[in-house]
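Structure, as structure tokens:
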Amino acid sequence: MTIGRGPSCSLCLSWDPEVSRLHARLERLGDEWTVDDDGMSANGTFVNGERLTGRHRLRDRDVMRFGRVAVAFRQPGGSAASTVIGKRPARPDLSDAQRRVLVALCRPYLQGGTYAVPATNREIAEELFLTVEAVKTHMRTLFQRFAIEDLPQNAKRTKLVELALETATVTPRDLER
Numbered sequence: 009m010t011i012g013r014g015p016s017c018s019l020c021l022s023w024d025p026e027v028s029r030l031h032a033r034l035e036r037l038g039d040e041w042t043v044d045d046d047g048m049s050a051n052g053t054f055v056n057g058e059r060l061t062g063r064h065r066l067r068d069r070d071v072m073r074f075g076r077v078a079v080a081f082r083q084p085g086g087s088a089a090s091t092v093i094g095k096r097p098a099r100p101d102l103s104d105a106q107r108r109v110l111v112a113l114c115r116p117y118l119q120g121g122t123y124a125v126p127a128t129n130r131e132i133a134e135e136l137f138l139t140v141e142a143v144k145t146h147m148r149t150l151f152q153r154f155a156i157e158d159l160p161q162n163a164k165r166t167k168l169v170e171l172a173l174e175t176a177t178v179t180p181r182d183l184e185r
């Protein structure tokens, strides 16, 4: 099954200009499903907030992102098939303190390009003159506000940055000191 903007794709996402004409491929291997970008897309394919490199075995409720479109994978035989979640997630309401922590988390992305990583709790604490525990408390709240608390621990921070920038909760201008 192919995914892309092209009219011949099995899942045609023609409304999103960030989706390549041939963006990715879903393939059934035995009882399992995989998603494979294999360099087909210009903007990359993401699974649970992490950029895909090569082939990835899908698990029930994995969220794939092609351009601005998020698609939830539902294991065949479950209660529902894969569905398009939406073009853009909602922008959550944040306190000033939560927003400052979020901006500090995203700051490495101003100049970091493709290989940037979110700021650590210690880096955020030093920038904002907070304790690491205070930063952790704000991060847990941010994970809840962006509805990503159920993601694997190693995927939450990257997904949070992605959603903050995608929803314009944090803008490139915010990242400039």
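In my numbering, each number is its position in the sequence shown, counted from 1, plus 8.
Backbone N, C-alpha and C fix where the C-beta goes; we use that ideal spot for every residue, glycine too.
Helix, strand or coil: which one does DSSP assign to residue i?
i	result
residue 114	helix
residue 187	Here the chain has residues from 9 to 185 only, and residue 187 is not among them.
residue 176	coil
residue 35	strand
residue 127	coil
residue 140	helix
residue 105	helix
residue 156	coil
Between the options, which lies nearest to residue i when the distance is taken from Cα to Cα?
i	options	result
residue 112	30, 158, 181	181
residue 105	123, 128, 135	135
residue 83	153, 15, 66	66
residue 128	63, 80, 114	114
residue 108	123, 138, 162	138
residue 70	170, 160, 179	160
residue 33	143, 15, 53, 25	53
residue 41	64, 60, 149	64
residue 62	145, 43, 51, 68	43
residue 103	59, 132, 149, 55	149
residue 154	172, 140, 145, 162	172
residue 185	25, 119, 146	119
Which partner residues of residue i appear in the DSSP bridge assignment?
i	result
residue 12	20
residue 195	In the structure as shown, the chain begins at 9 and stops at 185. Residue 195 is therefore absent and cannot be evaluated.
residue 54	59, 73
residue 40	37
Leaving aside the five residues before and after residue i along the sequence, list all residues of the same chain whose C-beta is less than 7 Å from its C-beta, in chain order.
i	result
residue 125	116
residue 27	12, 13, 21, 74, 75, 77
residue 59	52
In angstroms with no decimal places, state the Cα-to-Cα distance between residue i and residue j.
i	j	result
residue 46	residue 23	23 Å
residue 36	residue 166	28 Å
residue 10	residue 142	45 Å
residue 130	residue 81	35 Å
residue 49	residue 30	7 Å
residue 101	residue 176	12 Å
Given residue i, which residues of its chain have a CB within under 6 Å of its CB, disregarding the five upstream and five downstream residues?
i	result
residue 188	No answer is possible for residue 188: the residues shown for the chain start at 9 and end at 185.
residue 19	11
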